[in-house]
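Reading through the structure tokens given below for one structure.
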Amino acid sequence: MRTKRIITGLSMIMKMLFRRRIILIALVVLPLVFLTVVELTAPTRYIPFRLASLDIKMFIRESLKQIALVFFSVTSSGFLVSLVALNLVQIENDVNRRLVICGYHPFELLISNLLALLLLIVFIAVYITMLISFFVPIKHLPLFIFGLMLIGFVYGCYGLLIGSMIKGKLEGVFFIVLLANIDAGWLQNPMYYAEAHNNIIIRYLPAYFPSQSAVIAAFTDYSGANAIFYGTLYGAGFLILALLIFYKKMRIKK
Amino acid sequence: MMVLKVENIAKAFGKNKVLKNVSFEMKPSSLYGIVGENGSGKSTLLKIIVGEWKSDSGKISATGRLGYCPQQTLLFSQLTVDEHFRYFAAAYGIEKETLITRSESLMNYFSFKKYQKEKIANLSGGTQQKLNLAIALLHQPKLLILDEPYNGFDWDTYLRFWNYTQQLRDEGCAILVVTHFITEKERFDKVYNLEEGQLK
Numbered sequence: 027m028r029t030k031r032i033i034t035g036l037s038m039i040m041k042m043l044f045r046r047r048i049i050l051i052a053l054v055v056l057p058l059v060f061l062t063v064v065e066l067t068a069p070t071r072y073i074p075f076r077l078a079s080l081d082i083k084m085f086i087r088e089s090l091k092q093i094a095l096v097f098f099s100v101t102s103s104g105f106l107v108s109l110v111a112l113n114l115v116q117i118e119n120d121v122n123r124r125l126v127i128c129g130y131h132p133f134e135l136l137i138s139n140l141l142a143l144l145l146l147i148v149f150i151a152v153y154i155t156m157l158i159s160f161f162v163p164i165k166h167l168p169l170f171i172f173g174l175m176l177i178g179f180v181y182g183c184y185g186l187l188i189g190s191m192i193k194g195k196l197e198g199v200f201f202i203v204l205l206a207n208i209d210a211g212w213l214q215n216p217m218y219y220a221e222a223h224n225n226i227i228i229r230y231l232p233a234y235f236p237s238q239s240a241v242i243a244a245f246t247d248y249s250g251a252n253a254i255f256y257g258t259l260y261g262a263g264f265l266i267l268a269l270l271i272f273y274k275k276m277r278i279k280k
Numbered sequence: 638m639m640v641l642k643v644e645n646i647a648k649a650f651g652k653n654k655v656l657k658n659v660s661f662e663m664k665p666s667s668l669y670g671i672v673g674e675n676g677s678g679k680s681t682l683l684k685i686i687v688g689e690w691k692s693d694s695g696k697i698s699a700t701g702r703l704g705y706c707p708q709q710t711l712l713f714s715q716l717t718v719d720e721h722f723r724y725f726a727a728a729y730g731i732e733k734e735t736l737i738t739r740s741e742s743l744m745n746y747f748s749f750k751k752y753q754k755e756k757i758a759n760l761s762g763g764t765q766q767k768l769n770l771a772i773a774l775l776h777q778p779k780l781l782i783l784d785e786p787y788n789g790f791d792w793d794t795y796l797r798f799w800n801y802t803q804q805l806r807d808e809g810c811a812i813l814v815v816t817h818f819i820t821e822k823e824r825f826d827k828v829y830n831l832e833e834g835q836l837k
């Protein structure tokens, strides 16, 4: 494995990403629109809710608007990273194949993609935290950023997995939107979760641990270490699967 | 010594047997052509030779650096010509100084140097095809595999292409050209016809 190849790959991938206007617009405008809509529409009524991942039985009392803002920052972070990850491995996949025929190892290409994704995860997490700071006082800013990075990691690896498995662009986007919408955009909402008839299923979905860690960091002084650990584990699972499928598809067959 | 040895390659897609025990071999400095109708399995055979697809049976042995120019222009639409040379040079393991010399030489020879800072999305089909070919030539291959290489070339570029292949042959490179139509058979050492999955 050559570092030079990985660095060249990373630099080219970043150029390709930032030359696509639609990606820039999505990264900058979408979170702003999401949060502004929530700010303008969510009720300000205070309600108590319980965080499932904390061992102790304690209730947090926050306004619906603040909860919704934190929740949608998690949703938009996961959704955006997932779409970019899908784009990274799926778009111009045939040209990546040619690079492999010419000498790149599939893992070198995947590591370049992964590094590009990590840079984007950090960018999106910091950007969304800056935006939400205008609307909500976040208790532990670095931990909240980390929570957003965690959802980015889990959903980013999910995007890589879908991109490695599915060739069709529309089908890929469908799988991303389906899970992001149901999991990160609906079931993990603390308000929904607290009242859910069967929350066992919700606990096994990918956005559960990252959203818990972000909400804990935003509103409490408790430790979200458990949520961070299991969230990382979840993302690593997606990543390993993505690596294996990507390698199987891209390797030279002789 | 053989540069390429293809032994009993077979490939089927479902019940459709595209290649049936295809065998041939190439020496250094040889120029072979494979012609066939659309859907006869020419591109399938090339994809198996370069390792993009797996054959159902048979064996491929190739020695030396391989250059492959696919039928489709496989390029990144958002990168420039220069950036493509840098990216593929990293794949080939070519050092910076060598890359500059070779890419300049190829761009000058095939007359597309003025587009070196242009993104692929802004280039004509012919210029994209020149770059597609130049990438395959960048590392001075010992075995060059070309799938419909002069699609979209003007007459001048077509002639330059043949001059360049002659230079490569003089340096010991074996060249395999796959096309649906060959007009100048005398340029080739051997021309195979791929018919009903077999070379004739």
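Residue numbers (this note's numbering), protein chains in the order written: chain A, 27 to 280; chain B, 638 to 837.
Think of the CB as a built atom: it goes at the ideal place given N, C-alpha and C, for glycine as much as any other residue.
Interface residues of chain B facing residue i [CB-CB closer than 7 Å]
| i | result |
| --- | --- |
| A:M38 | L716, E720 and Y724 |
| A:C183 | Result: empty, since nearest Cβ-Cβ is about 24 Å, beyond 7 Å. |
| A:Y130 | A728 |
Interface residues of chain B facing residue i [CB-CB closer than 8 Å]
| i | result |
| --- | --- |
| A:L125 | Y724, F725 and A728 |
| A:Y273 | Correct list: empty, because the minimum Cβ distance to chain B is about 14 Å. |
Under 7 Å by beta carbon: chain A residues contacting residue i
| i | result |
| --- | --- |
| B:F713 | M42, E118 and V121 |
| B:P707 | R124 |
| B:V687 | I127 |
Contact check, residue i vs residue j, beta carbons under 8 Å
| i | j | result |
| --- | --- | --- |
| A:Y40 | B:L716 | Checking the sequence shown, residue 40 of chain A turns out to be Met, not Tyr. Not in contact: A:M40 and B:L716 (Cβ atoms no closer than 8 Å). |
| A:L36 | A:S138 | yes |
| A:A240 | A:G173 | yes |
| A:P232 | A:D209 | yes |
| B:L836 | B:V659 | yes |
| A:P69 | A:L50 | no |
| B:S740 | B:F713 | no |
| B:P778 | B:G704 | yes |
| A:P57 | A:Y153 | yes |
| B:V828 | B:S680 | no |
| A:Q214 | A:I228 | yes |
| A:F133 | A:L187 | no |
| A:L157 | A:L61 | yes |
| A:A253 | A:V96 | no |
| A:L112 | A:V203 | no |
| B:L656 | B:L683 | no |
First through last residue of the alpha helix (DSSP H) which encompasses residue i
| i | result |
| --- | --- |
| A:V64 | R47 to T67 |
| A:I290 | Only positions 27 to 280 of chain A appear in this structure, which leaves residue 290 of chain A out of reach. |
| B:K691 | B:K691 -> no alpha helix (DSSP H), and no H or E assigned at all. |
| A:D120 | N119 to C128 |
| B:L770 | G762 to L774 |
| A:G35 | T29 to F44 |
| A:Y234 | Y234 to F245 |
Start-to-end residues for the beta strand (DSSP E) that takes in residue i
| i | result |
| --- | --- |
| B:A649 | L641 to F650 |
| B:I671 | L668 to V672 |
| A:K274 | Note, A:K274: premise wrong, no beta strand (DSSP E); alpha helix (DSSP H) at A251 to M276. |
| B:F661 | N653 to M663 |
| B:E720 | Per DSSP, B:E720 belongs to no beta strand (DSSP E); it is in the alpha helix (DSSP H), V718 to Y729. |
| B:L743 | Here B:L743 belongs to no beta strand (DSSP E); instead the alpha helix (DSSP H) covers K733 to Y746. |
| A:P74 | Y72 to R76 |
| B:Y705 | L703 to C706 |
Under 9 Å by beta carbon: chain B residues contacting residue i
| i | result |
| --- | --- |
| A:I278 | V687, G688 and E689 |
| A:R31 | A727, A728 and G730 |
| A:Y153 | None at all; the shortest Cβ gap to chain B is about 22 Å. |
| A:T34 | R723, Y724, A726, A727 and A728 |
Proximity test, Cβ basis, 8 Å: residue i and chain D
| i | result |
| --- | --- |
| B:L712 | In the structure shown, chain D does not exist; the protein chains are A and B. |
Counting only runs that start and end within the stretch 148 to 232 of chain A, where is the alpha helix (DSSP H) found for 4 or more residues in a row? 167 to 191, 195 to 205, 216 to 221 and 225 to 229
Report the residues of the stretch 41 to 72 of chain A with a CB closer than 8 Å to any CB of chain B, ordered along the chain. K41, M42, R45 and R46
Of all the residues that make up the stretch 218 to 249 of chain A, which are near chain B by a beta-carbon distance shorter than 7 Å? none
At 4 residues or longer, what runs of the alpha helix (DSSP H) sit wholly inside the stretch 780 to 834 of chain B? 792 to 807
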